[in-house]
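Chains A, B, C and D are the protein sequences, given in the same order. Using my numbering, read the first sequence as starting at 1 and increasing by one per residue. Using my numbering, read the second sequence as starting at 221 and increasing by one per residue. Using my numbering, read the third sequence as starting at 441 and increasing by one per residue. Using my numbering, read the fourth sequence as starting at 663 and increasing by one per residue. We treat Cβ as the ideally placed atom computed from N, Cα and C, and that holds for glycine. Since the structure comes first, as structure tokens, the remarks are kept for the end.
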Amino acid sequence: MINKQISDPGEAISRIKDGNTIAIGGFGGAGSPNVLIDTLITRSDAKNLTIVSNNAGQNEEGIAALLKAGKVSKIVCSFPRMKNAWVFEELYRRGKLELELVPQGNLAERLRARGAGIGAFFTPTGYGTVLAEGKETREIEGVHYVLEHPIKVDVALIKAKAADRFGNLTYNKTARNFGPVMAMAADITIVEVSDVVAAGELDPEAVVTPGIYVDHFFKV
Amino acid sequence: MINKQISDPGEAISRIKDGNTIAIGGFGGAGSPNVLIDTLITRSDAKNLTIVSNNAGQNEEGIAALLKAGKVSKIVCSFPRMKNAWVFEELYRRGKLELELVPQGNLAERLRARGAGIGAFFTPTGYGTVLAEGKETREIEGVHYVLEHPIKVDVALIKAKAADRFGNLTYNKTARNFGPVMAMAADITIVEVSDVVAAGELDPEAVVTPGIYVDHFFKV
Amino acid sequence: MNTEEKMALAGRVAADVPEGAYLNLGIGLPTLVANHLGGEEKEVILHTENGVLGRWTDAPEGEQDPDLINAGKVPIKLLPGAAFFHHADSFSMMRGGHLDICVLGAFQVSASGDLANWHTGDPQAVPAVGGAMDLAIGARQTFVMMDHVDREGNPKIVSELTYPPTGLGCVTRIYTNIGTFETSPDGSKVKALYIAPGLTQEQVQRQTGVEIDFSLNKTHGE
Amino acid sequence: MNTEEKMALAGRVAADVPEGAYLNLGIGLPTLVANHLGGEEKEVILHTENGVLGRWTDAPEGEQDPDLINAGKVPIKLLPGAAFFHHADSFSMMRGGHLDICVLGAFQVSASGDLANWHTGDPQAVPAVGGAMDLAIGARQTFVMMDHVDREGNPKIVSELTYPPTGLGCVTRIYTNIGTFETSPDGSKVKALYIAPGLTQEQVQRQTGVEIDFSLNKTHGE
Numbered sequence: 001m002i003n004k005q006i007s008d009p010g011e012a013i014s015r016i017k018d019g020n021t022i023a024i025g026g027f028g029g030a031g032s033p034n035v036l037i038d039t040l041i042t043r044s045d046a047k048n049l050t051i052v053s054n055n056a057g058q059n060e061e062g063i064a065a066l067l068k069a070g071k072v073s074k075i076v077c078s079f080p081r082m083k084n085a086w087v088f089e090e091l092y093r094r095g096k097l098e099l100e101l102v103p104q105g106n107l108a109e110r111l112r113a114r115g116a117g118i119g120a121f122f123t124p125t126g127y128g129t130v131l132a133e134g135k136e137t138r139e140i141e142g143v144h145y146v147l148e149h150p151i152k153v154d155v156a157l158i159k160a161k162a163a164d165r166f167g168n169l170t171y172n173k174t175a176r177n178f179g180p181v182m183a184m185a186a187d188i189t190i191v192e193v194s195d196v197v198a199a200g201e202l203d204p205e206a207v208v209t210p211g212i213y214v215d216h217f218f219k220v
Numbered sequence: 221m222i223n224k225q226i227s228d229p230g231e232a233i234s235r236i237k238d239g240n241t242i243a244i245g246g247f248g249g250a251g252s253p254n255v256l257i258d259t260l261i262t263r264s265d266a267k268n269l270t271i272v273s274n275n276a277g278q279n280e281e282g283i284a285a286l287l288k289a290g291k292v293s294k295i296v297c298s299f300p301r302m303k304n305a306w307v308f309e310e311l312y313r314r315g316k317l318e319l320e321l322v323p324q325g326n327l328a329e330r331l332r333a334r335g336a337g338i339g340a341f342f343t344p345t346g347y348g349t350v351l352a353e354g355k356e357t358r359e360i361e362g363v364h365y366v367l368e369h370p371i372k373v374d375v376a377l378i379k380a381k382a383a384d385r386f387g388n389l390t391y392n393k394t395a396r397n398f399g400p401v402m403a404m405a406a407d408i409t410i411v412e413v414s415d416v417v418a419a420g421e422l423d424p425e426a427v428v429t430p431g432i433y434v435d436h437f438f439k440v
Numbered sequence: 441m442n443t444e445e446k447m448a449l450a451g452r453v454a455a456d457v458p459e460g461a462y463l464n465l466g467i468g469l470p471t472l473v474a475n476h477l478g479g480e481e482k483e484v485i486l487h488t489e490n491g492v493l494g495r496w497t498d499a500p501e502g503e504q505d506p507d508l509i510n511a512g513k514v515p516i517k518l519l520p521g522a523a524f525f526h527h528a529d530s531f532s533m534m535r536g537g538h539l540d541i542c543v544l545g546a547f548q549v550s551a552s553g554d555l556a557n558w559h560t561g562d563p564q565a566v567p568a569v570g571g572a573m574d575l576a577i578g579a580r581q582t583f584v585m586m587d588h589v590d591r592e593g594n595p596k597i598v599s600e601l602t603y604p605p606t607g608l609g610c611v612t613r614i615y616t617n618i619g620t621f622e623t624s625p626d627g628s629k630v631k632a633l634y635i636a637p638g639l640t641q642e643q644v645q646r647q648t649g650v651e652i653d654f655s656l657n658k659t660h661g662e
Numbered sequence: 663m664n665t666e667e668k669m670a671l672a673g674r675v676a677a678d679v680p681e682g683a684y685l686n687l688g689i690g691l692p693t694l695v696a697n698h699l700g701g702e703e704k705e706v707i708l709h710t711e712n713g714v715l716g717r718w719t720d721a722p723e724g725e726q727d728p729d730l731i732n733a734g735k736v737p738i739k740l741l742p743g744a745a746f747f748h749h750a751d752s753f754s755m756m757r758g759g760h761l762d763i764c765v766l767g768a769f770q771v772s773a774s775g776d777l778a779n780w781h782t783g784d785p786q787a788v789p790a791v792g793g794a795m796d797l798a799i800g801a802r803q804t805f806v807m808m809d810h811v812d813r814e815g816n817p818k819i820v821s822e823l824t825y826p827p828t829g830l831g832c833v834t835r836i837y838t839n840i841g842t843f844e845t846s847p848d849g850s851k852v853k854a855l856y857i858a859p860g861l862t863q864e865q866v867q868r869q870t871g872v873e874i875d876f877s878l879n880k881t882h883g884e
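This is the structure:
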């Protein structure tokens, strides 16, 4: 019988290796998988990680704590500058953390492209800006586009509302944000959920992430 | 007050002009907007249409009836050859109907690209086949891709299950198929629905097509 | 601008948003526009890039849910008829040209509609772009709301940006504390649609980095 | 193949599908594999390109819903735990390499895994491709199920396709009425994994258009 539920996130987190790229869900605090991040900090020896996320954490919580733990060498991010993002700011200013700044829509679309098997795509976002410097451009029917490539993700850490044993997921309101595209993009997707329900309790019309994109989930 | 419900589809259908590209939902019979197709046949003078759809109709129903009515000069389609698709077959063999055959996934992705503002994308599907002849190709990280472009759609005709006055839609099972991407791709989207519900009755978590993609709907 | 001026500015923008419009309000000044939308009389649908389309207000104390926020991370309370979606779907709405209007703040706007609003160019600054570049080029119309001049009194409507651009040729209309202006594709000038009462054309021109065409202005002197 | 041979072939394919696999069964012969999957003992998740992931059976008379069909347009009945999605999402699953296995019929397969299954090349034929090209290149493994030879007795495992290709280098394994074979990236040969009882290597080789490496075959002569 298929059952993707795990009781201990530590074992799943141990699949993260040195140099891996880890996508971490969340927009601000909404959808941030804080238990998974804490497990990565306390129970993994993996170093030299690349993090893909919309923000870079605040205070010393979530991604900020992960940065502070010294496990991260690069962050691919749209909005690292937030109130109380001092951990990021200090590492960045000291040159201890590489930043690849990506417009938010390109970040989402590059993750989706990875999950959808698209080799590259022409996007209008960022054309003519420093964030497109050095990138291939093309004019198509009078519009200027930049060629963007998928983001290869080894492991996604995301937060959802409910899961059944097949790993089908629903989310809670705006905590959905990057979860579905990160689950698509990753080779291994680990999910923290609030509720575990029996097979059939999730309406097939309302499943947001089908279980094919989920490897392990656990109840927090 | 916003209310996208119309009582008579004829007026909405009259927005279709000569030479327009019309995307028509459905996979086989599931999701086929038969009332809208019939309205197009009986109440529109538009000619020289290009139809975008997965199939080309069977017997003399749906798209087959539209083809028979002589309004269509081209069809962009993945699977026109079906049981009792004689209307299509005869027009095609007589050279009266141009066919652009598109792999089903490229058809869906090209519609999505149009809706999502993507200028073009590299897909592995079709590489090395006659359906990619003359198209730009590129090898990216060891995989061969074909460059595919969006399909510009003037009007989408689709079928959904329920709508609220803002045009938020849910679908019924596999009748969902191409509806959401056609709604995204079209300048004008017209929907036939089984149920009209009050604002707030559709769970915001389970809306599949947000109203921004819908112009007019009516209850059949 | 003082609070009263900001509210007047937000009211002018809101008055130009038609019923049924799909509208994204950027963080900062543009969020004030929400207070001036028509409610039941003139329904407008809001979009926020973190995945909601619908109508909402700020969530009152006691009804705040950390999982229900807008792009400025402010808790909101939905009115009936909303929809949630993920980030790729949300930005498809923008980039695909489905939003009627987005309203953004700006450091500078050029007469041809180039926008600078994400980075001052200061190499010491910690950069952050968010959804600004997607919004700028995505909506059918991009409105800018800003002070007419910067803190040093320099014009913010310019012939060429000196700050790094967010998007090129994307701004259609500029709302400032002293007027409303349309950009022009050729970048030769901006067209005044409204001038604040009590100001002369010369006073407005002096604070503006490009030539102003006043021929469309129906408000001044009426 | 007669019905019994078809069922035996479907059973051999099904036996090679592990528990938990995500599986797409093409129309025609491959649909028979569904009857041989393990049920509760060995759960396998089916995918159909028209937007369902889950477990199902053909819908019994009286429980058929025209809005709930598989890619072959056959009404199905779902078991608990399914999900619906639209066509772009469905083909993302394929093209993105998320399906473990797809099983397709074929006119021809080359030793390097090139597949021909959508068009005979007859200029009079009405063409139709459906999802074949997406499936062929999308799944992690593409299995082919077919007669070992065509109606005229010509080999269908060939060194070079003579029919128009569906996809290049995509087939990993070929199941025929007389054996199971692995393709090789360099296209020099196929490797036999199974030979039907009672057949000699020479008999199998004679019906095959490329050299067969029998060194992996554990079944013949046991």
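Anticipated Cβ contact below 8 Å, residue i with residue j, distance rounded
| i | j | result |
| --- | --- | --- |
| Glu667/D | Asn879/D | Actually they are not in contact, since the Cβ atoms of Glu667/D and Asn879/D sit about 20 Å apart, beyond 8 Å. |
| Thr640/C | Arg452/C | So it is not a contact: roughly 20 Å between Cβ atoms. |
| Val473/C | Gly553/C | With 8 Å as the limit, Val473/C and Gly553/C do not qualify as a contact, their Cβ atoms being about 20 Å apart. |
| Val811/D | Gln869/D | 5 Å |
| Val549/C | Ser599/C | That belief does not hold up - the Cβ atoms of Val549/C and Ser599/C are roughly 11 Å apart, past 8 Å. |
| Ala403/B | Tyr433/B | 4 Å |
| Leu101/A | Ala120/A | Not confirmed; about 19 Å, so no contact. |
N- and C-terminal bounds of the beta strand (DSSP E) containing residue i
| i | result |
| --- | --- |
| Ala406/B | Ala406 to Val416 |
| His144/A | Val143 to Glu148 |
| Ala120/A | Ala120 to Thr123 |
| Glu139/A | Thr137 to Ile140 |
Residue-level contact to chain D via CB, residue i, 7 Å cutoff
| i | result |
| --- | --- |
| Val146/A | no |
Cutoff 7 Å: residue i Cβ touching any chain C Cβ
| i | result |
| --- | --- |
| Asn407/B | In the sequence on display, residue 407/B carries Asp and not Asn. By this cut-off, Asp407/B is not an interface position. |
| Asn304/B | no |
| Gly95/A | no |
| Asp265/B | no |
7 Å Cβ cutoff, residue i in contact with chain B
| i | result |
| --- | --- |
| Val788/D | yes |
| Val791/D | yes |
| Lys739/D | no |
| Phe654/C | no |
| Phe583/C | no |
| Gly478/C | no |
7 Å Cβ cutoff, residue i in contact with chain A
| i | result |
| --- | --- |
| Arg757/D | yes |
| Ile226/B | no |
| Leu766/D | no |
| Ala340/B | yes |
| Leu472/C | no |
N- and C-terminal bounds of the alpha helix (DSSP H) containing residue i
| i | result |
| --- | --- |
| Val255/B | Asn254 to Arg263 |
| Ala232/B | Pro229 to Ile233 |
Any non-hydrogen atom of the ligand ZN closer than 6 Å to residue i Cβ
| i | result |
| --- | --- |
| Ser234/B | Looking for the ligand ZN in the displayed structure turns up nothing, as the structure carries no ligands at all. |
Practice prompt. Count the CB pairs spanning the segment 548 to 565 of chain C and the segment 65 to 74 of chain A that are closer than 8 Å, and state whether there are at least three.
Written response: Segments in contact, no.
| Taking three-plus beta-carbon pairs below 8 Å as touching, is the segment 578 to 591 of chain C in contact with the segment 448 to 463 of chain C? | With a cut-off of 8 Å, the segment 448 to 463 of chain C and the segment 578 to 591 of chain C count as touching, because enough Cβ pairs lie within range.
### Query
Considering only residues of the segment 663 to 719 of chain D, which uninterrupted beta strand (DSSP E) runs meet the minimum length of 3 residues and lie entirely inside it, listed in chain order?
Taken in chain order, the unbroken stretches of beta strand (DSSP E) that lie wholly in the segment 663 to 719 of chain D and span 3 residues or more are 684 to 687, 707 to 710 and 714 to 716.
At which residue ranges does the segment 836 to 875 of chain D contain complete alpha helix (DSSP H) runs of 4 or more residues, listed in the order of the chain? Along the length of the segment 836 to 875 of chain D, whole alpha helix (DSSP H) runs at least 4 residues long occupy 863 to 868, reported in chain order.
Checklist entry - Taking three-plus beta-carbon pairs below 8 Å as touching, is the segment 24 to 42 of chain A in contact with the segment 729 to 742 of chain D? => result No: fewer than three Cβ pairs fall under 8 Å.
Extract the residue ranges of the alpha helix (DSSP H) inside the segment 59 to 102 of chain A, only unbroken runs of 4 or more that lie entirely within it. With a minimum length of 4 residues, the continuous alpha helix (DSSP H) runs that stay inside the segment 59 to 102 of chain A are 63 to 68 and 86 to 93.
Complete runs of the beta strand (DSSP E) confined to the segment 533 to 576 of chain C [at least 3 residues] | Qualifying beta strand (DSSP E) stretches, in chain order: 541 to 544 and 548 to 550.
**Asked** Are at least three pairs of beta-carbons, each pair with one atom in the segment 521 to 532 of chain C and one in the segment 492 to 512 of chain C, less than 8 Å apart?
**Response** Flag = yes, the segment 521 to 532 of chain C and the segment 492 to 512 of chain C touch.
Check your understanding: Can at least three beta-carbon pairs, one atom from the segment 494 to 512 of chain C and one from the segment 529 to 541 of chain C, be found at a separation below 8 Å?
Key -> Of all C-beta pairs linking the segment 494 to 512 of chain C to the segment 529 to 541 of chain C, fewer than three are shorter than 8 Å, placing the two stretches out of contact.
message = I want to know whether the segment 342 to 351 of chain B touches the segment 133 to 140 of chain A - three or more CB-CB distances under 8 Å.
response = The segment 342 to 351 of chain B is not in contact with the segment 133 to 140 of chain A.
Original post:
Below 8 Å, can you find three or more Cβ-Cβ pairs linking the segment 380 to 397 of chain B to the segment 240 to 248 of chain B?
Top reply: Flag = yes, the segment 380 to 397 of chain B and the segment 240 to 248 of chain B touch.
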